[in-house]
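Q: Have a look at the structure that comes next, please.
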């Protein structure tokens with residue numbers, strides 16, 4: 001079960017795939033993942049973990065509830 005804190009980009013992508021997203025695909029400045037008509041922008045790898053505030057924004061844009069995220 002992923003915690004709601006710093007997470008590695010690789011783990012974020014793996015968990016999003018478990019939630020039905022496909023990708024990541026090359027975009028303009030950032031890669032993105034898709035589920036149906038919904039596109040979700042993925043942060044670029046910078047060698048640091050994705051913090052809780054950015055993770056919360058990503059999940060909100062993806063329509064993913066925090067409880068659903070923590071149940072993975």
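Residue numbers (the working numbering): 1 to 72. Ideal placement from N, C-alpha and C gives every residue a C-beta, glycine not left out. This one's a predicted model, so the numbers in the text were calculated from it and none came from an experiment.
I'd like to know whether the C-beta atoms of residue 21 and residue 10 end up nearer to each other than 7 Å.
A: Result no, Cβ atoms of residue 21 and residue 10 do not sit closer than 7 Å.
Q: Return no unless some Cβ of chain B is closer than 7 Å to the Cβ of residue 59.
A: Of the chains in the structure shown, none is chain B; there is only one protein chain.
Q: If distances are taken between C-alpha atoms only, which option among 49, 26, 31, 15 comes closest to residue 6?
A: When each option's Cα is compared against that of residue 6, the closest is 49.
Q: Per DSSP, which residues does residue 31 bridge with? Please list them.
A: Paired residue(s): 42.
Q: Would you decide whether residue 62 is buried or exposed? Buried here means 16 or more other CB atoms lie within 10 Å of its CB.
A: Buried: at least 16 other Cβ atoms inside 10 Å.
Q: Provide the residue(s) that pair with residue 25 in DSSP beta bridges, ordered along the chain.
A: In the DSSP output, where bridge partners are listed per residue, residue 25 has 32.
Q: Under DSSP, the alpha helix (DSSP H) around residue 73 begins and ends at which residues?
A: No answer is possible for residue 73: it lies beyond the span of the chain, which begins at 1 and ends at 72.
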